[in-house]
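Participant: My questions all concern the structure below.
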Amino acid sequence: MKINKLKKNLQSGKVVIGPFLKLADPAIVEIAGLAGFDFVIIDTEHAPISFETAQNLIRSAEIAGITPIIRVSENSPSLILRSLDIGAQGVQVPQISTKDDAVKAVEAAKFFPQGSRGVCRFVRSAGYSSKNQNEYFKISNQETIVIVHIEGVEGIDNLSEILTVKGLDIIFLGPYDLSQSCGVPGQVNHPTVIEKMEKSVNLSKKMNVAVGTFVDNIESAKKWLALGVQYISFSVDVGIFFNACSNIVKGLRG
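According to this note's numbering, the sequence shown is numbered sequentially starting from 4.
Here you go:
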């Protein structure tokens, strides 16, 4: 496993930006890198992306010089294991509501003594057995990023306990699922949603854990950056492409 530039930047206090990916073409990843994004989130929860396809997207990320993250579809040790074995440098784990949920995610992503990740030297992340195994275990534990999604009121209420879990790199606040949990689905700017998110950002900062969230416009991104959010998931590849196409059409036909 290579040195994780994203983790290094986060630890130094820098802001990092990257989109979710739902398209399976490696060219999208290359373009994201050329545009200057820091990472891409390969979305295996809401997109029809297989692990075989994800592996090629990861290869493209490495060529483009950006960090490949996989959002798994659930807090499953086998899904986290497979994501990391194919070379993802981090995982985003959805629907974390309790301290036990967070512990489970970290343990699945780390080898002993930090966790209980399944061991196989004959995988891509281990250079198909070409890497020294002891060095591989050490570097993987050191460089792998664990991002947990806090997407419901229960997770917000339990955040102080979740933040005590060692090995968490980023608390990711999911505004859309949180809005649904608050009873205002889709209203990500509703006062109740904003209040809970701002409280969570402040608490995470006090505990020295980086915070991330999803935005789909520059104005929202700047707002959360000003409040101390470091990890900005900016929109989705399909949404970015749609907006670009729509603006062109409106400009020419308007």
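The C-beta atom is built at its ideal place from N, Cα and C for all residues, glycine as well.
Using the three-state DSSP reduction, which class does residue 36 fall into: helix, strand or coil?
Facilitator: helix
Participant: Can you tell me which of the three DSSP states residue 242 falls into?
Facilitator: Here residue 242 sits in helix by DSSP.
Participant: In whole angstroms, what separates the C-alpha of residue 103 from that of residue 160?
Facilitator: 14 angstroms
Participant: Note down the Cα distance separating residue 197 from residue 57, rounded to an integer number of angstroms.
Facilitator: 33 angstroms
Participant: Put residue 27 into one of helix, strand or coil per three-state DSSP.
Facilitator: coil
Participant: Taking Cβ positions, are residue 8 and residue 70 nearer each other than 9 angstroms?
Facilitator: yes
Participant: Which of helix, strand or coil does DSSP assign to residue 95?
Facilitator: strand
Participant: Would you check if the segment 90-98 and the segment 145-159 touch, i.e. whether three or more CB-CB distances between them fall below 8 angstroms?
Facilitator: yes
Participant: If we define contact as Cβ-Cβ less than 9 angstroms, is residue 105 a contact residue for chain D?
Facilitator: Absent from the structure: chain D. Only one protein chain is present.
Participant: Can you give me the C-alpha to C-alpha distance between residue 19 and residue 234, rounded to a whole angstrom?
Facilitator: 5 angstroms
Participant: If we call anything under 9 angstroms between Cβ atoms a contact, is residue 43 one with residue 30?
Facilitator: no
Participant: With distances taken Cα to Cα, identify the nearest neighbour of residue 116 among 105, 131, 173, 137.
Facilitator: 137
Participant: Compare the C-alpha of residue 75 against each of 52, 60, 203 and name the closest.
Facilitator: Looking at the Cα atoms, 52 is the closest of the given residues.
Participant: How about residue 111 and residue 78: do their beta carbons lie closer than 9 angstroms?
Facilitator: Yes; because the gap between Cβ atoms is below 9 angstroms, this pair is in contact.
Participant: List the residues that DSSP assigns as beta-bridge partners of residue 235.
Facilitator: 20, 216
Participant: Report the partner residues of residue 176 according to the DSSP bridge assignment.
Facilitator: As DSSP reads the structure, residue 176 sits in a beta bridge with 153, 216.
Participant: How long is the line joining the alpha carbons of residue 163 and residue 238, rounded to whole angstroms?
Facilitator: Cα-Cα distance, rounded: 28 angstroms.
Participant: With distances taken from CA atoms, which of 251, 240, 202 is nearest residue 218?
Facilitator: 240
Participant: Ordered along the chain, which non-local residues of its own chain (more than five positions away) have a Cβ less than 8 angstroms from that of residue 132?
Facilitator: Excluding sequence positions up to five before and after residue 132, its CB lies within less than 8 angstroms of the CB of 124, 125, all in the same chain and listed in chain order.
Participant: Beta strand (DSSP E) containing residue 46: first to last residue?
Facilitator: Unbroken beta strand (DSSP E) run through residue 46: 42-46.
Participant: Evaluate residue 120 with the Cβ neighbour count: other Cβ atoms within 10 Å of its Cβ, from every protein chain shown; 16 or more gives buried, anything less gives exposed.
Facilitator: buried
Participant: Among all the DSSP beta bridges, which residues are the ones paired with residue 148?
Facilitator: For residue 148, which the question treats as bridged, DSSP gives the partners 93.
Participant: Taking C-alpha atoms, which residue in 67, 247, 256, 173 lies nearest to residue 33?
Facilitator: 67
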